Structures are given as structure tokens and as C-alpha cells.
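A.B. asks: Read left to right, the sequence shown gives residues 8 to 515 (this note's numbering). From the three backbone atoms N, C-alpha and C, an ideal C-beta is built for every residue, glycine too. Since the structure is predicted, the reported quantities are computational estimates derived from the model, not experimental observations.
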Amino acid sequence: MASIFSSSSFHLGFKTKKMACSYKIDSTCASTHQFPRFSLRRDGPMDSPLRMFAANRAYSDAADSAPENLDEKTPYIPIYVMLPLGIINMEGELVDADNLFNQLKMLKSSNVDGVMVDCWWGIVERRAPKEYNWSGYKKLFEIVRDLGLKLQVVMSFHECGGNVGDDIHIPIPQWVQEIGYENPDIYFTDKEGRRNHECLSWGIDAEMVLNGRTPLEVYSDYMRSFRLEFDDFFARRVISEIEIGLGPCGELRYPSYPAKFGWEYPGIGEFQCYDKYLIKSLQKAAEAWGNSAWGKAPENAGSYNSKPQETGFFCDFGEYNGFYGRFFLHWYSQILINHGDRVLGLAALAFKGTPIAAKVSGIHWWYNTKSHAAELTAGFYNSGNFTGYSAIVSMLKKHGAALNFTCLELRTVDQEREFPEALSDPEGLVWEVLNAAWEVKIPVAGENALPCYHREGYNKILQIAKPMNDPFGRHYLSAFTYLRLSPTLLEKHNFIEFERFVQKMHDK
8 MASIFSSSSF
18 HLGFKTKKMA
28 CSYKIDSTCA
38 STHQFPRFSL
48 RRDGPMDSPL
58 RMFAANRAYS
68 DAADSAPENL
78 DEKTPYIPIY
88 VMLPLGIINM
98 EGELVDADNL
108 FNQLKMLKSS
118 NVDGVMVDCW
128 WGIVERRAPK
138 EYNWSGYKKL
148 FEIVRDLGLK
158 LQVVMSFHEC
168 GGNVGDDIHI
178 PIPQWVQEIG
188 YENPDIYFTD
198 KEGRRNHECL
208 SWGIDAEMVL
218 NGRTPLEVYS
228 DYMRSFRLEF
238 DDFFARRVIS
248 EIEIGLGPCG
258 ELRYPSYPAK
268 FGWEYPGIGE
278 FQCYDKYLIK
288 SLQKAAEAWG
298 NSAWGKAPEN
308 AGSYNSKPQE
318 TGFFCDFGEY
328 NGFYGRFFLH
338 WYSQILINHG
348 DRVLGLAALA
358 FKGTPIAAKV
368 SGIHWWYNTK
378 SHAAELTAGF
388 YNSGNFTGYS
398 AIVSMLKKHG
408 AALNFTCLEL
418 RTVDQEREFP
428 EALSDPEGLV
438 WEVLNAAWEV
448 KIPVAGENAL
458 PCYHREGYNK
468 ILQIAKPMND
478 PFGRHYLSAF
488 TYLRLSPTLL
498 EKHNFIEFER
508 FVQKMHDK
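1. Within 10 Å of its beta-carbon, does S288 have 16 or more other beta-carbons around it, so buried, or fewer, so exposed?
2. Are P85 and S247 touching if we call contact CB-CB under 9 Å?
3. Provide the residue(s) that pair with K404 in DSSP beta bridges, ordered along the chain.
4. Using 8 Å as the Cβ pair cut-off and three pairs as the minimum, do the segment 276-285 and the segment 322-329 touch?
5. Just tell me which of S227, D103, T419 has its CA closest to the CA of I251.
6. Within its chain, find whatever has a CB closer than 6 Å to the CB of R202; leave out the 5 residues flanking it on each side and keep chain order.
7. Grouping DSSP H, G and I as helix and E and B as strand, with all else coil, what is D125?
8. Using C-beta distances below 8 Å, list every residue in its chain close to V216, excluding the 5 sequence neighbours before and after it, in chain order.
9. Mind checking P427: buried by the 16 CB within 10 Å criterion, or exposed?
10. Determine the contact status of P315 and W270, defining contact as a CB-CB distance below 9 Å.
11. Just the C-alpha distance for K267 and F358, rounded to the nearest angstrom, thanks.
12. Would you identify the three-state DSSP class for G297, choosing helix, strand or coil?
13. Within the chosen definition, does the segment 352-367 reach the segment 225-243 through at least 3 CB pairs nearer than 8 Å?
14. Just to confirm before moving on: does the CB-CB distance between Y3 and F278 stay below 9 Å?
15. According to the Cβ coordinates, are G516 and Y281 closer than 9 Å?
16. What is the DSSP secondary structure of Y4, counted as helix, strand or coil?
17. Under a three-way DSSP split, which group does N328 fall into?
18. With H, G and I counted as helix, E and B as strand and the rest as coil, what does DSSP make of T384?
19. Under the three-state reduction of DSSP, which class applies to R202: helix, strand or coil?
20. Can you give me the Cβ contacts of R349 inside the same chain, cut-off strictly under 7 Å, excluding the 5 residues immediately before and after it?
21. Would DSSP call S163 helix, strand or coil?
22. Can you tell me the Cβ-Cβ gap for L484 and G453, rounded? I've got them flagged as a contact below 8 Å.
23. Mind checking which residues open and close the alpha helix (DSSP H) that includes K499?
24. Just to confirm before moving on: does the CB-CB distance between L111 and L154 stay below 9 Å?
25. What three-state label does DSSP hand A364 in the structure shown?
26. Could you please give the first and the last residue of the uninterrupted alpha helix (DSSP H) stretch that includes I193?
27. Rounded to the nearest angstrom, what separates V122 and K137 at their Cα positions?
28. Roughly how many whole angstroms lie between the Cα atoms of P433 and A456?
29. Taking F148 as part of the alpha helix (DSSP H), name the residues at either end of that continuous run.
30. For D120, does the count of other Cβ atoms within 10 angstroms reach 16, so buried, or fall short, so exposed?
31. What's the call for L356, buried or exposed, on a 16-neighbour Cβ count within 10 Å?
32. Looking only at its own chain, which residues have a Cβ that is under 7 Å from the Cβ of N307, when we skip the five neighbours before and after it?
33. So, using beta-carbon positions, are C206 and H165 closer together than 9 Å?
34. Quick one, are the C-beta atoms of L441 and H379 less than 9 Å apart?
35. List the DSSP bridge partners of G249.
36. Below 8 Å on the Cβ atoms is my guess for G257 versus K366; work out the distance and round it to an integer in Å.
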């Protein structure tokens with residue numbers, strides 16, 4: 008595979024992510040129910056965890072003190088609800104259509120705009136290359152259409168099972184697994200040599216390892232088949248958006264914290280670059296930089312459940328911020344960005360005229376440390392003077408894709424109380440990522456990371472979706488997708504809270 012970058016485009020110099028400046032916080036804002044006003048002073052490092060924590064905390068405290076009644080003029084924010092993971096079985100058949108119809112009717116009564124559904128690669132192209140079975144999805148889409156609901160459809164090129172919230176197992180296609188038996192390096196691999204079958208390694212994107220096709224060609228053929236099969240649903244705008252799966256759980260990230268390999272929150276995770284294709288890419292990058300000794304992954308980065316300070320790589324003033332560390336992390340994150348760039352480029356062609364989106368996961372643990380270790384192993388180079396999210400949102404903008412970000416319902420104060428050792432700050436992370444996307448003027452959508460049935464979580468989403476004191480009206484969510492449809496959501500007291508949430512997201 009060709010090197011992902013040349014020496015002319017790669018450098019180890021610092022970018023001006025967090026310049027020598029700090030926030031001065033107007034502490035009077037909370038009493039007036041407005042978000043804090045920030046002004047920049049060039050008198051200290053903005054990436055100081057203490058300063059960033061103070062800025063984010065003031066913002067959060069003001070948001071939590073805001074009244075429930077939003078400003079009179081706020082945008083209508085569409086609400087979608089994710090359907091159950093097993094709504095289509097492994098034979099490609101719609102499961103319990105009558106029960107689904109009744110549940111969708113109830114959702115419709117709450118005035119949701121539509122539903123989101125995964126179109127699983129492992130079901131549709133299960134048995135043989137280019138043999139697609141869309142029959143169950145066609146029946147599902149017809150029910151949704153007849154109820155007057157819209158569809159967000161996910162091109163799910165990953166395995167379902169083994170992660171939080173996964174209650175079924177849907178592997179990648181059988182014929183791909185058979186190739187993997189002969190060539191296990193098609194999968195992401197950790198330092199112990201364990202192969203992760205959740206999705207294919209990005210190191211083989213352009214390698215003809217899938218019966219004479221590259222993974223990029225396979226993904227493209229799949230998307231084009233879907234576009235042709237459901238042309239009428241596109242023409243009638245029943246399908247309102249296509250979300251493109253770019254990694255594990257459909258998210259643009261490395262599978263750095265797999266529970267099946269023993270990871271437990273809040274472990275830092277492990278780098279996933281030990282298949283022969285990614286190792287070859289790393290070696291080529293090191294040679295292009297003029298130091299072949301750098302052509303290997305860090306040896307002192309700990310294990311899945313390590314803490315940053317327990318490692319030589321991620322500890323304060325650790326190797327992550329040295330010359331080799333910056334080289335490796337740039338290469339590792341650039342592989343992620345290049346994968347998203349290639350697949351979204353193909354998606355933009357296949358779904359021309361229909362909005363597309365990509366999901367980025369909210370890796371909020373260890374956010375209040377210098378290295379941001381959990382983000383680094385996931386592929387987000389967001390430490391020191393490097394910003395891991397600006398490059399990602401710029402890549403999305405290139406293809407006209409929206410950002411879908413997770414963990415909008417999480418409150419930092421809850422994380423501090425329940426997992427103080429994790430040094431987590433989901434609100435600070437959300438604030439940083441969403442502002443990076445708004446800066447380049449791309450649509451920003453969101454979803455909850457965990458089941459949410461209570462008003463506190465809904466109010467946190469509302470505060471982010473419709474921020475107060477936004478005179479230019481630029482910082483609203485373009486849509487919100489709720490995770491997920493279940494009997495628990497439809498219980499009377501839970502559904503009343505959900506209806507209230509939908510109304511407030513819709514109210515102008």
C-alpha cells in the first residue's frame with residue numbers, strides 16, 4: 008500500500024490548537040441565566056487542565072442553572088429514534104412486524120420525525136460477494152413510509168456484539184470471515200496479536216484482498232446497490248440521511264477499548280496497529296521521515312486497563328509529547344482521517360443529492376489529563392498543541408458530511424461523583440468538538456451514549472441542542488437521534504418524559 012503521507016506533507020512542528028492564552032470568565036452570567044462570556048488573554052497556556060476545567064465548569068454550571076423554558080425563538084430540531092439492533096434477522100427477514108408497527112404508531116403519536124436503522128453488511132451481503140438481500144429492509148421501509156415517518160439509514164460495515172448496549176450478534180459477512188481465516192491481518196490487531204473482528208483494518212483499504220476487490224470497492228458496491236434498490240424512497244425523500252459506518256460501532260475510531268479483550272472503564276485502551284499492513288505503512292512513514300527506528304508502535308503505552316500515569320508514554324511529560332511520540336501519533340491519527348476521507352468520498356458519489364453523515368464517538372475519560380490517553384489510542388490526536396477534531400471536521404466538510412457526536416446527555420458532575428479516578432469531562436469534550444464543527448460550518452447532530460429516561464439527561468441535551476444567549480443562531484443541533492426504541496422507553500412514565508423532550512426540541 009502506498010505511504011499515507013510524504014515527508015513534504017508531514018512535520019513534527021506544533022500546531023496552534025491551544026495558543027498561549029487563557030479564558031477569563033465573567034462569573035456574573037450564571038445569576039442572569041446566560042452562558043458565560045469568554046475573553047482571551049495571552050498570559051498563560053490555554054491547555055492547562057486547571058484552566059480548561061475552570062472554563063468548562065463555569066459554562067456547565069451556567070447551563071445547569073438555566074430555566075427550563077427556552078427562548079421564544081429557537082429552531083425546530085428533528086428527532087429520530089434508533090430501532091432495535093435485531094429488527095432484521097440473519098436471514099434478512101423483518102422480525103415481528105405487527106409489534107413493530109404498534110411501537111412505531113406510538114412513536115408517531117409523540118411527533119418524532121423518523122427512525123434510524125442499521126443496514127448490516129453482515130446480513131445483506133452475508134453469503135457471497137455482490138449477492139445482496141434487501142427484502143427485509145424493504146418491508147421495514149414500507150411500514151415507516153406508510154406511517155409518515157422519515158428514515159436515517161446507517162451503512163453498517165461493522166460487527167454487532169460485544170460492546171455496551173449490544174444484545175445480539177451480527178458478524179461481518181461469512182465470505183469475508185473465510186478470507187480472514189487465511190489472512191488474519193485483514194483485522195485490527197493489538198500488541199498481543201489478538202485479532203478484532205469488529206471491522207476490517209484500515210491498512211487494507213486499497214489492498215485487493217477481498218476476492219479481487221479492495222474493501223473500498225466492496226463498500227462502494229454495497230452503497231450503490233442500496234441506492235438503486237431504494238430509489239423510490241430517495242425520490243420521495245423518505246430517506247432523509249445516510250450515515251456512513253467508518254469503524255467499530257459505526258464510529259470513526261479505532262477499536263481501542265474492546266470489552267471482549269478485557270477492557271473495563273476507564274482503562275486507556277491500546278493502540279490497534281499491529282496487523283502487517285499497518286506496520287508496513289508505519290515503517291514506510293518512518294523511512295520517509297528519515298528515521299527507520301521509528302517504524303514501530305510504542306512499547307511503553309501500557310495495556311487496556313492502565314491509567315496514564317502508570318505508563319511511560321502517556322504520563323505527564325511522557326513520550327507522547329516527544330519527537331517519536333508526535334511522529335507516531337500523527338501517523339496513527341492520519342490513518343483514521345484518510346480512511347474517513349476515502350469512504351466518505353465514495354459515499355458522496357453514491358448518495359449524491361442526499362445528506363450524509365459520520366459518527367464520532369465521545370471518548371471523555373482522561374480528558375482532564377495532559378495526554379488524553381484514551382482519545383489517543385482511539386485515534387484522536389487531541390493532546391499537547393494538537394487538536395484531534397479540527398482535522399476530522401475539515402475532512403467531513405470536504406465531503407459535505409454532517410457530524411454526529413455522542414454522549415450529549417452525560418454530565419461531568421455525575422462522572423466526577425461516580426468515577427472520580429477517570430478524570431472525565433464529557434461536557435468539556437462536547438463543547439470542544441461541537442465548536443470545532445461549527446467553526447467550519449458543517450451540520451452538527453447528536454445522540455445519547457447510554458439509555459436516557461430521566462429529565463436531567465433530557466435537559467442536558469436541550470441545553471446543548473438549543474443553547475441560550477446565542478445571538479447569531481449558529482450553535483444549534485441540526486438533528487438528534489435517541490438511543491433507542493425499547494419496551495422500557497414505551498412505559499408510561501418514561502414515555503411522558505420522552506414526549507415532553509420531543510416537544511421542547513420542536514418548539515420554536
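C.D. replies: Working from what's here:
1. Position 281 of the sequence shown, counted from the first residue, corresponds to residue 288. Burial state of S288 is buried, judged by a 10 Å Cβ sphere holding 16 or more other Cβ atoms.
2. Your numbering for residue 85 matches position 78 in the sequence shown. Your numbering for residue 247 matches position 240 in the sequence shown. Cβ distance < 9 Å, so P85 and S247 count as in contact.
3. Your numbering for residue 404 matches position 397 in the sequence shown. K404 pairs with nothing; no bridge assigned.
4. Segments in contact, no.
5. Start at 1 with the first residue of the sequence shown, and residue 251 comes out as number 244. The candidate whose alpha carbon is nearest that of I251 is S227.
6. In the sequence shown, residue 202 corresponds to position 195, counting from 1. Counting only Cβ-Cβ distances below 6 Å, and skipping sequence neighbours, we find P191, Y194, T196.
7. To locate residue 125, count along the sequence shown from 1; it is residue 118. Residue state, collapsed to three classes: strand.
8. For the purposes of this step, residue 216 is identified with residue 209 of the sequence shown, where counting begins at 1. Taken in chain order, the residues that qualify are I186, N190, I193, P222.
9. The count along the sequence shown starts at 1 and reaches residue 427 at position 420. Exposed is the call here.
10. Here residue 315 corresponds to residue number 308 of the sequence shown, with the count starting at 1. Here residue 270 corresponds to residue number 263 of the sequence shown, with the count starting at 1. No. Outside cutoff.
11. Position 260 of the sequence shown, counted from the first residue, corresponds to residue 267. Position 351 of the sequence shown, counted from the first residue, corresponds to residue 358. Rounded to whole angstroms, K267 to F358 spans 35 Å at the Cα level.
12. Indexing the sequence shown from 1 puts residue 297 at position 290. In the three-state reduction of the DSSP assignment, G297 falls in the coil class, being assigned neither a helical nor a strand state.
13. With the cut-off at 8 Å, the segment 352-367 and the segment 225-243 touch.
14. The question about residue 3 has no answer, for the chain in this structure spans 8 to 515.
15. The requested residue 516 is not part of the displayed model; the chain covers only 8 to 515.
16. Outside the modelled stretch of the chain, which goes from 8 to 515, sits residue 4, for which no answer is possible.
17. Taking the sequence shown and counting its residues from 1, the one referred to as residue 328 is at position 321. Correct three-state label for N328: helix.
18. In the sequence shown, the residue the question calls residue 384 occupies position 377. In the three-state reduction of the DSSP assignment, T384 falls in the helix class, which pools H, G and I.
19. Reading the sequence shown from its first residue, position 195 is the one you call residue 202. Of the three classes helix, strand and coil, the one that applies to R202 here is strand, per DSSP.
20. Sequence index remark: in the sequence shown, residue 349 carries index 342 (1-based). When the five nearest sequence neighbours on each side are left out, the beta carbons in the same chain lying within less than 7 Å of the beta carbon of R349 are those of D212, L223, in order along the chain.
21. Residue numbering aside, residue 163 sits at position 156 when the sequence shown is read from its first letter. Residue state for S163 is assigned as strand, using DSSP reduced to three classes.
22. Indexing the sequence shown from 1 puts residue 484 at position 477. Indexing the sequence shown from 1 puts residue 453 at position 446. Between L484 and G453 a beta carbon distance of about 5 Å is seen, short of the 8 Å cut, so the two are scored as contacting.
23. The residue you call residue 499 lines up with position 492 of the sequence shown. Counted as a single uninterrupted DSSP element, the alpha helix (DSSP H) harbouring K499 occupies residues 499-513.
24. On the sequence shown, residue 111 is found 104 positions in, with the first residue counted as 1. On the sequence shown, residue 154 is found 147 positions in, with the first residue counted as 1. Yes. Within cutoff.
25. Numbered from its first residue, the sequence shown carries residue 364 at position 357. It is a strand residue.
26. For the purposes of this step, residue 193 is taken as residue 186 along the sequence shown, with counting starting at 1. No alpha helix (DSSP H) contains I193, which DSSP labels as neither H nor E.
27. Within the sequence shown, residue 122 is the residue found at index 115, counting from 1. Within the sequence shown, residue 137 is the residue found at index 130, counting from 1. V122 and K137: Cα-Cα distance of roughly 27 Å.
28. Along the sequence shown, read from residue 1 onward, the residue named residue 433 stands at position 426. Along the sequence shown, read from residue 1 onward, the residue named residue 456 stands at position 449. Rounded to the nearest whole angstrom, the CA to CA distance from P433 to A456 is 11 Å.
29. Translated into positions along the sequence shown, residue 148 becomes position 141. Residues 142-153.
30. Stepping through the sequence shown from its first residue, residue 120 is reached at position 113. By the neighbour-count rule (16 or more Cβ atoms within 10 Å), D120 is buried.
31. One-based indexing of the sequence shown puts residue 356 at position 349. It is exposed - the Cβ of L356 has fewer than 16 other Cβ atoms within 10 Å.
32. Here residue 307 is taken as the residue at index 300 of the sequence shown, counted from 1. Excluding sequence positions up to five before and after N307, its CB lies within less than 7 Å of the CB of T318, G319, F320, E326, all in the same chain and listed in chain order.
33. Sequence index remark: in the sequence shown, residue 206 carries index 199 (1-based). Sequence index remark: in the sequence shown, residue 165 carries index 158 (1-based). Contact flag set, yes.
34. Counting from 1 along the sequence shown, the entry for residue 441 is found at position 434. Counting from 1 along the sequence shown, the entry for residue 379 is found at position 372. No; because the gap between Cβ atoms is not below 9 Å, this pair is not in contact.
35. For the purposes of this step, residue 249 is identified with residue 242 of the sequence shown, where counting begins at 1. Per the sequence presented here, residue 249 reads as Ile, with Gly not at that position. DSSP, once it has assigned bridges, lists V160, I363 as partnering I249.
36. One-based indexing of the sequence shown puts residue 257 at position 250. One-based indexing of the sequence shown puts residue 366 at position 359. That belief holds up - the Cβ atoms of G257 and K366 are roughly 6 Å apart, short of 8 Å.
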